[in-house]
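Taken in order, these protein sequences are the chains called A and B. Reading the first sequence from the start, the letters are residues 821 to 1256 in the working numbering. Reading the second sequence from the start, the letters are residues 612 to 873 in the working numbering. All C-beta atoms in this analysis are idealised placements derived from N, C-alpha and C, irrespective of residue type, glycine included. The structure presented is a predicted model; accordingly, all values stated were derived computationally and were not measured.
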Amino acid sequence: MGLSAQLSAVRSPNGTASKRPHPRPSRGLQTKLRRLVPARVLPVLRAADTAATLRLYRPSHLSTWYRDWTDSSTSTLPGVDRRRYVAELLGWLKRAHDATVGGGVAAYYSFAEGWSAGYPETTGYIIVTCLEAAVRLGDPDLRARARRFADWELGVQMPVGAWQSGLVTATPVPAVFNTGQVIQGLLAAYRAFGRIRYLEAAARGAHWLTAQQDADGAWRRHTYRDFPNSYSTRVAWPLIDLAEVTGESEFRESAVKYLEWASRWQDESGWLGRCSLEPEEPALTHTLAYAMEGFLESGLLLREERWVRVAQKTAEALLHRYEVRRHLAGSYAQGWRGDHSYACLTGCAQVALVWCRLSQLTGDARYLNAALKLNDFVTSCIDLDTASREIRGAVKGSHPIWGHYMRFRFPSWAVKFTVDSLLREEDALKALEDRP
Amino acid sequence: MTIVVLAGHPDSPYARRALRAINASGVRGVHVVAATWKRGARDLTGLVRKHGLRLPWVGAKWVTRAMVRPLTGIAPWRMRMTTLAAEVAAQGGRFVAVDDANDESCRDILRRWNVDLLVLAGAPIMREPVLAVPRIGTLNAHQGALPRFRGMNVIEWAVFERSAPSVTVHFVDAGIDTGDVVASEVIDVRPGDTLEAVRARAIERQVDLLARTVRSACSGTLPRIRQLATDGRQYYVMHQRIRAITDRRLSEIRARRPVRVH
């Protein structure tokens, strides 16, 4: 794929489609040059312009691009401990926090734009990861940062109780999915620090969520492009969790109503309809994994096996496809038609996470077996040797980096889910070894 | 009776072993169809993308090899008669190489030869059009007890699940290891065994069982035990970390199982 084509479209932080205007002024110059220079030279000029836009003159950018172009990403070396990956990933998350001016964790590091502003949605669920990693690794800095993230979330909560979509620098528009993720983070912060303010803010957010829900259980307003999606099971999960803590049954009822609605979109093959960001678009493995995780964790909290089975059905379908092809597509269309031109690394980490959980639950080692391989793949795409602070320990949106999802960017949520997955992998392996 | 062995590639050691075992059981004149090796990157861009900065080094190796081969008297692989082909000719059979075991040319050859029994020896997953050609059917030896252990690395998975490793000969249908079972045998686990040793013994046994089944097919009808697609589980290539756990479990099995002395 040519460099120009590689940059032809980019994705906004939560993966939603957006055409980004070219950030460099050389377009106008190109138009003028087009009249002056022979047609043969134009592709060279375009490639040079794209290379400049992507700042490929930086050795770290160039080497990342080159590694993907030659497909020479090293497979995970047996000698490289998973703990080293976890440490490097968390180190990157800390740098993504330090890079933001107003607080929160940067949404991504981009070849073209550098560090982004803070992103309320993912900062929310990164709190959960930081708190867990702080306990496991005995890192007080992570715990302190988690607290700062939670405080920052309180500061950016909208007067209606919701959290906004997109970056904190964007015009605030309340968003259902984003609110759900922040609630999860605040709940974890409340459990860790015992501050009632976190719980109150989460409850305000949850009240706003229940008010937005339609009678049939779907969320249609304040969703991306007002498209009622089936991956907001990851909103239902924190709602159920919050109901356990606050005792407000309204939250649980709302979540169950949504789960009923979302499960209707699953067919016999495990395919989950409406799991894409937009109608008629294929579902990213990222959003499919959101849906699975939501069903699974909701089922566990509610102690209702039927929701676990919904997650398991989709997880099995993905497992078979992954094992046969030895590659998880970046996205799947109805009938499980996969786009194998790229891998969505966030989705890979999330799917591996779900498989680890299922392995722990069912005792079926095939899930963990596949998760180990998928985590090997994700870690093989992480550069631990570069001196670049922005790229060392970062996880690309796509592999290759010009893939459809988060093109030429390293999203913070990819790092979060990779850490979660590697930690869960360790638990699942231990459970398997201890099994009589 | 026309019997054809479908080999994974023209020099498949497994196909050679299967052929020798079939011959040893008294069945001769077996033909072999072999799928050819897949070629890698074809153009310069593909080569650059595949090898990156190592391309000059890889290229130098190719050139050296091409120069050395004529000196040592070894012709390029396309020209030379493989050991498998020589063995097929020696026992009175015909040897043909095809591009793809599932393509039209392979089907044509099998039809022309009026094949009664097709025996898979390291062949890829076969599609229905080829499977429909042999009169009796297509046989495959599988390293696992069917229907419980389907798919890949099932010797290892059986040990992991603390089950007896086995081999099964079955008819091939459109599914993965879902065809009717013909015969099966349990593999011994002996003191000091590693997974590799158990696997090697499984290959010996499966080749032997396959040869005996082919002989039975020549002398009469084969038993067919139906298995349901919903029975059992499909397993996939085992990750090295699960394999490490399996290694430990193998020593537990050895400790528990009574040893059979041969």
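Since A:His1027 contacts A:Gly981 with CB under 8 Å, what's their CB separation in whole angstroms? Your numbering for residue 1027 of chain A matches position 207 in the first sequence. Your numbering for residue 981 of chain A matches position 161 in the first sequence. Contact between A:His1027 and A:Gly981 holds, with the beta-carbon distance rounding to 6 Å and staying under 8 Å.
Counting only runs that start and end within the region 722 to 770 of chain B, where is the beta strand (DSSP E) found for 3 or more residues in a row? Positions of the beta strand (DSSP E) runs, each at least 3 residues long and wholly inside the region 722 to 770 of chain B, are given as 728 to 732, 748 to 753 and 760 to 762 in order along the chain.
Which complete alpha helix (DSSP H) runs does the region 932 to 1020 of chain A hold, if anything under 4 residues is left out? Uninterrupted alpha helix (DSSP H) stretches at least 4 residues long and entirely within the region 932 to 1020 of chain A occur at 940 to 957, 960 to 975 and 996 to 1013, given in chain order.
Stretch-stretch touch, CB-based, cutoff 8 Å, three pairs: the region 810 to 818 of chain B with the region 781 to 801 of chain B: Taking one beta carbon from each stretch, the region 810 to 818 of chain B and the region 781 to 801 of chain B have 3 or more pairs nearer than 8 Å; the two touch.
Looking at the C-beta of A:Leu1192, does it have a partner C-beta in chain B at a distance below 7 Å? Taking the first sequence and counting its residues from 1, one reaches residue 1192 of chain A at position 372. Judged by the 7 Å Cβ criterion, A:Leu1192 is in contact with chain B.
Cα-Cα, which of A:Val1128, A:Val1235 and A:Ser1218 is closest to A:Gln1180? Counting from 1 along the first sequence, the entry for residue 1180 of chain A is found at position 360. Comparing Cα positions, the closest option is A:Val1128.
Integer Cβ distance of A:Ser1218 from A:Tyr1225, believed to fall under 8 Å: The residue given as residue 1218 of chain A occupies position 398 in the first sequence. The residue given as residue 1225 of chain A occupies position 405 in the first sequence. About 5 Å separates the two Cβ atoms, so the contact holds.
Does DSSP classify A:Leu1215 as helix, strand or coil? Taking the first residue of the first sequence as position 1, residue 1215 of chain A is located at position 395. Sequence inspection shows Val at residue 1215 of chain A; the Leu mentioned does not correspond to that position. The answer is coil: DSSP assigns A:Val1215 none of H, G, I, E or B.
Give me the DSSP bridge partner(s) of A:Gly1158. Here residue 1158 of chain A refers to the residue found at position 338 of the first sequence. DSSP, once it has assigned bridges, lists A:Tyr1152 as partnering A:Gly1158.
Does A:Ser1118 pass the burial test, meaning 16 or more other C-beta atoms within 10 Å, or should it be called exposed? Here the question's residue 1118 of chain A lines up with position 298 in the first sequence. Buried is the call here.
Nearest CA to the CA of A:Ala1169: which residue from A:Lys1236, A:Pro960 and A:Gly1223? Here residue 1169 of chain A refers to the residue found at position 349 of the first sequence. Residue A:Lys1236 is the option with its Cα nearest to A:Ala1169.
Inter-stretch contact at 8 Å, needing at least 3 Cβ pairs: the region 657 to 665 of chain B / the region 847 to 859 of chain B: They do not touch, by the three-pair rule.
Output needed for B:Thr749: all residues of its chain with C-beta closer than 7 Å, excluding positions within five of it in sequence on either side, in chain order. In the second sequence, counting from the first residue as 1, residue 749 of chain B sits at position 138. Result list for B:Thr749: Leu729, Leu731, Met737, Leu742, Phe782 and Val783, in chain order.
For the region 1130 to 1150 of chain A against the region 1091 to 1107 of chain A, are there 3 or more C-beta pairs whose distance is under 8 Å? Look at the beta carbons and you see the region 1130 to 1150 of chain A touching the region 1091 to 1107 of chain A: at least three pairs across the two are nearer than 8 Å.
B:Ile685 versus B:Ala677: straight-line alpha-carbon distance, rounded: In the second sequence, the residue the question calls residue 685 of chain B occupies position 74. In the second sequence, the residue the question calls residue 677 of chain B occupies position 66. In this prediction, B:Ile685 scores a pLDDT of 45, lower than 50, which makes its location untrustworthy; no coordinate-derived value is stated.
Excluding the 5 residues preceding and the 5 following A:Asn834 in the sequence, name in chain order all residues of the same chain whose CB lies nearer than 6 Å to its CB. Here residue 834 of chain A corresponds to residue number 14 of the first sequence, with the count starting at 1. Confidence in A:Asn834 is poor, its pLDDT being 46 and thus under 50, which makes the residue's placement unreliable; the coordinate value appears in the next sentence. Same-chain partners within the cutoff: there are none.
Nearest to A:Trp983 (by Cα), restricted to the options A:Ala1149, A:Pro940 and A:Lys1077: Here the question's residue 983 of chain A lines up with position 163 in the first sequence. Out of A:Ala1149, A:Pro940 and A:Lys1077, the CA that lies nearest to the CA of A:Trp983 is found in A:Pro940.
Which residues in the same chain have their Cβ closer than 7 Å to the Cβ of A:Val996, if we skip the five residues on either side of it in sequence? By one-based count along the first sequence, residue 996 of chain A stands at place 176. Leu1029, Gln1032, Trp1039, His1042, Thr1043, Ser1052 and Val1055.
Pull up the distance between the alpha-carbon of A:Val830 and that of A:Thr873, whole angstroms please. Numbered from 1 along the first sequence, position 10 holds the residue referred to as residue 830 of chain A. Numbered from 1 along the first sequence, position 53 holds the residue referred to as residue 873 of chain A. Because the pLDDT of A:Val830 is 39, which lies under 50, any placement of that residue in the model is unreliable, and the number read from its coordinates should be weighed accordingly. The alpha-carbon separation between A:Val830 and A:Thr873 amounts to approximately 13 Å.
Under 6 Å Cβ to Cβ from A:Pro863, same chain only, skipping five residues before and after it: list those, please. For this step, residue 863 of chain A is matched to residue 43 along the first sequence. Once the five neighbours on either side are set aside, A:Pro863 has no close Cβ partner at all.
So, for A:Val1174: in the same chain, excluding its five sequence neighbours on each side, which residues have a beta-carbon less than 8 Å away from its beta-carbon? As a first step, residue 1174 of chain A must be located in the first sequence, where it is residue number 354. Closer than 8 Å at Cβ, skipping near neighbours: Ala1109, Met1112, Glu1113, Leu1116, Ala1131 and Ala1135.
Using a Cβ-Cβ cut-off of 7 Å, state whether B:Gly755 counts as contacting chain A. As a working mapping, residue 755 of chain B is identified with position 144 in the second sequence. Judged by the 7 Å Cβ criterion, B:Gly755 is not in contact with chain A.
Can you check the region 1044 to 1119 of chain A for any alpha helix (DSSP H) of at least 4 residues that lies completely inside it and give the ranges in chain order? Segments of the alpha helix (DSSP H) lying fully in the region 1044 to 1119 of chain A: 1053 to 1066 and 1069 to 1083.
What residues from chain B crowd round A:Asp891, counting only those whose CB sits closer than 9 Å? Taking the first residue of the first sequence as 1, we reach residue 891 of chain A at position 71. Think of a sphere of 9 Å around the beta carbon of A:Asp891: the chain B residues whose beta carbon falls inside it are Arg660, Lys661 and Gly663, in chain order.
Contacts of A:Asp1249 in chain B (Cβ-Cβ under 9 Å): What you label residue 1249 of chain A is simply residue 429 of the first sequence in a count that begins at 1. For clarity, residue 1249 of chain A is Leu in the given sequence; the question names Asp instead. Residues of chain B whose Cβ lies closer than 9 Å to the Cβ of A:Leu1249 are, in chain order, Arg852, Ile853 and Ile856.
Using the C-alpha atoms, what's the distance from A:Glu1101 back to A:Lys839? Indexing the first sequence from 1 puts residue 839 of chain A at position 19. Indexing the first sequence from 1 puts residue 1101 of chain A at position 281. Residue confidence is low: A:Lys839 scores 36 on pLDDT, short of 50, so the model does not pin down where it sits. No coordinate-derived value is stated.
Limits of the unbroken alpha helix (DSSP H) element including A:Phe1237: Locating residue 1237 of chain A in the first sequence gives position 417, where the first residue counts as 1. Counted as a single uninterrupted DSSP element, the alpha helix (DSSP H) harbouring A:Phe1237 occupies residues Ser1232 to Asp1254.
For B:Glu739, is the classification buried or exposed, using 16 other Cβ atoms within 10 angstroms of its Cβ as the cut-off for buried? Position 128 of the second sequence, counted from the start, is the residue given in the question as residue 739 of chain B. With fewer than 16 other Cβ atoms within 10 Å, it is exposed.
So that I know if they touch, is there some Cβ in chain B lying closer than 7 Å to that of A:Asn1189? On the first sequence, position 369 is the one that residue 1189 of chain A refers to. Interface residue, yes.
Among the residues of its own chain, which have a CB less than 7 Å from the CB of B:Thr683, if the five just before and after it don't count? The count along the second sequence starts at 1 and reaches residue 683 of chain B at position 72. Note that B:Thr683 scores 49 on pLDDT, short of 50, meaning its location in the model is unreliable; the coordinates nonetheless yield the value given after this. Nothing listed; no residue qualifies.
Give the straight-line distance between the Cα atoms of A:Ala1149 and A:Tyr1162, rounded to the nearest whole angstrom. Stepping through the first sequence from its first residue, residue 1149 of chain A is reached at position 329. Stepping through the first sequence from its first residue, residue 1162 of chain A is reached at position 342. Approximately 6 Å, taken between the alpha carbons.
Helix, strand or coil: how does DSSP classify B:Ile853 here? In the second sequence, counting from the first residue as 1, residue 853 of chain B sits at position 242. In the three-state reduction of the DSSP assignment, B:Ile853 falls in the helix class.
Buried or exposed: A:Asp1046, going by 16 or more other Cβ atoms within 10 Å of its Cβ? Indexing the first sequence from 1 puts residue 1046 of chain A at position 226. The C-beta of A:Asp1046 has fewer than 16 other C-beta atoms within 10 Å across all chains shown, which makes the residue exposed.
For B:Leu655, does the count of other Cβ atoms within 10 angstroms reach 16, so buried, or fall short, so exposed? Here residue 655 of chain B is taken as the residue at index 44 of the second sequence, counted from 1. Counting every other CB atom within 10 Å of its CB across the protein chains shown gives B:Leu655 a total below 16, marking it as exposed.
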